[in-house]
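Chemist:
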Amino acid sequence: MRYGLIGSTGRMGKEIIEVFKGHDLVLEVNDTGIFRHGEPEVIVDFSNREVLKTTIELAAQFGAGMVIGTTALSQSDFATLKTLSQKVPVVQSYNFSTGINILKMILREFSPLLEGFEAEVIETHHSGKKDAPSGTALMLKDATGRDLPIHSLRVGGVPGDHSIVFANEGEVIEITHRAISRKVFAIGALTAARFCLEHEKGFYSFEEVIKWTQK
Numbered sequence: 111m112r113y114g115l116i117g118s119t120g121r122m123g124k125e126i127i128e129v130f131k132g133h134d135l136v137l138e139v140n141d142t143g144i145f146r147h148g149e150p151e152v153i154v155d156f157s158n159r160e161v162l163k164t165t166i167e168l169a170a171q172f173g174a175g176m177v178i179g180t181t182a183l184s185q186s187d188f189a190t191l192k193t194l195s196q197k198v199p200v201v202q203s204y205n206f207s208t209g210i211n212i213l214k215m216i217l218r219e220f221s222p223l224l225e226g227f228e229a230e231v232i233e234t235h236h237s238g239k240k241d242a243p244s245g246t247a248l249m250l251k252d253a254t255g256r257d258l259p260i261h262s263l264r265v266g267g268v269p270g271d272h273s274i275v276f277a278n279e280g281e282v283i284e285i286t287h288r289a290i291s292r293k294v295f296a297i298g299a300l301t302a303a304r305f306c307l308e309h310e311k312g313f314y315s316f317e318e319v320i321k322w323t324q325k
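Counted the way this note's numbering counts, the sequence shown spans residues 111 to 325.
Structure below.
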């Protein structure tokens, strides 16, 4: 697979390069410029929304699929991505770990049974993460179908901890997902990139990618 990488010198960029070993990195975008050694089939972007316009332009230029893990996207950003998806496959998620996306499915199905419980979301990330609450916390909140309070912590080097707590006067249910390494997100990105090679144009979630792997 020939792939392009936006933010190749960042924390996630380095992790992606490591996990994508054996595939050809033919396009890099980082703080020093754009470096191209061939035409990418897929472009991966886990950087920040300030460079999203460049990423979309490159994907359109090369007809490349796109794996986008950038957080804090606006409604306008989503509209632009969906326009791009009319030409190429786009996989978008705020979290590319299998566990979080399965947790979303669980919450979507079973949260209605806990209607009488109070509920809140707690998320912890490294001190360098700029957006709060995290995109993942917002995804989990949306999966419950309820407008839940979200508590955000930014400390140390935590890759990502997310908990949702349901409680009434007699019992507590707490569900926690803990990412112990950024590698899990890079592995998810590789799976999504392979998905793009197998699919036509369209806007896809990582949940759809997970279900595809089970076929």
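For glycine and all other residues, C-beta sits at the position ideal for the given N, C-alpha and C.
Between the C-alpha atoms of G114 and V136, what's the straight-line distance to the nearest angstrom?
Modeler: Counting from one through the sequence shown, the residue named residue 114 turns up at place 4. Counting from one through the sequence shown, the residue named residue 136 turns up at place 26. Using only the alpha carbons, I get a separation of about 6 Å.
Chemist: If you follow the beta strand (DSSP E) that G143 is in, where does it begin and where does it stop?
Modeler: For the purposes of this step, residue 143 is taken as the residue at position 33 of the sequence shown. That run of the beta strand (DSSP E) goes G143 to R146.
Chemist: Could you say if the segment 202-209 and the segment 282-300 meet the contact criterion of at least three C-beta pairs nearer than 8 Å?
Modeler: Touching, yes, given that three or more Cβ pairs across the two stretches are closer than 8 Å.
Chemist: Check whether the segment 275-293 touches the segment 256-267, counting contact only when three or more Cβ pairs, one atom from each stretch, lie closer than 8 Å.
Modeler: Segments in contact, no.
Chemist: For the segment 186-195 against the segment 234-248, do three or more pairs of beta-carbon atoms, one drawn from each stretch, fall closer than 8 Å, so that the two count as touching?
Modeler: No contact exists between the segment 186-195 and the segment 234-248.
Chemist: Roughly how many angstroms lie between the CA atoms of E318 and H236, to the nearest whole one?
Modeler: To locate residue 318, count along the sequence shown from 1; it is residue 208. To locate residue 236, count along the sequence shown from 1; it is residue 126. Between E318 and H236, the C-alpha separation is close to 28 Å.
Chemist: DSSP three-state label for N211, please.
Modeler: Sequence index remark: in the sequence shown, residue 211 carries index 101 (1-based). If DSSP states are grouped into helix, strand and coil, N211 belongs with the helices.
Chemist: Residues in the same chain with beta-carbon distance under 8 Å from G226, minus the five sequence neighbours each way, listed in chain order, please.
Modeler: Residue 226 sits at position 116 when you count from the first residue of the sequence shown. Only N278 meet the Cβ criterion.
Chemist: Look at the alpha carbon of V154 and the alpha carbon of T254, and state the distance between them as a whole number of angstroms.
Modeler: For the purposes of this step, residue 154 is taken as residue 44 along the sequence shown, with counting starting at 1. For the purposes of this step, residue 254 is taken as residue 144 along the sequence shown, with counting starting at 1. Cα-Cα distance, rounded: 29 Å.
Chemist: Is the number of C-beta pairs between the segment 143-152 and the segment 171-183 that are closer than 8 Å three or more?
Modeler: Taking 8 Å as the limit for Cβ pairs, the verdict is that the segment 171-183 does touch the segment 143-152.
Chemist: According to DSSP, which residues form a beta bridge with A277?
Modeler: For this step, residue 277 is matched to residue 167 along the sequence shown. The partner list for A277 (beta bridge, DSSP) reads E228 and V282.
Chemist: Between which two residues does the alpha helix (DSSP H) containing S186 stretch?
Modeler: Here residue 186 corresponds to residue number 76 of the sequence shown, with the count starting at 1. Element bounds for S186: Q185 to L194.
Chemist: Straight-line CA distance for G123 to A303?
Modeler: Within the sequence shown, residue 123 is the residue found at index 13, counting from 1. Within the sequence shown, residue 303 is the residue found at index 193, counting from 1. Each residue's Cα considered, the two are about 15 Å apart.
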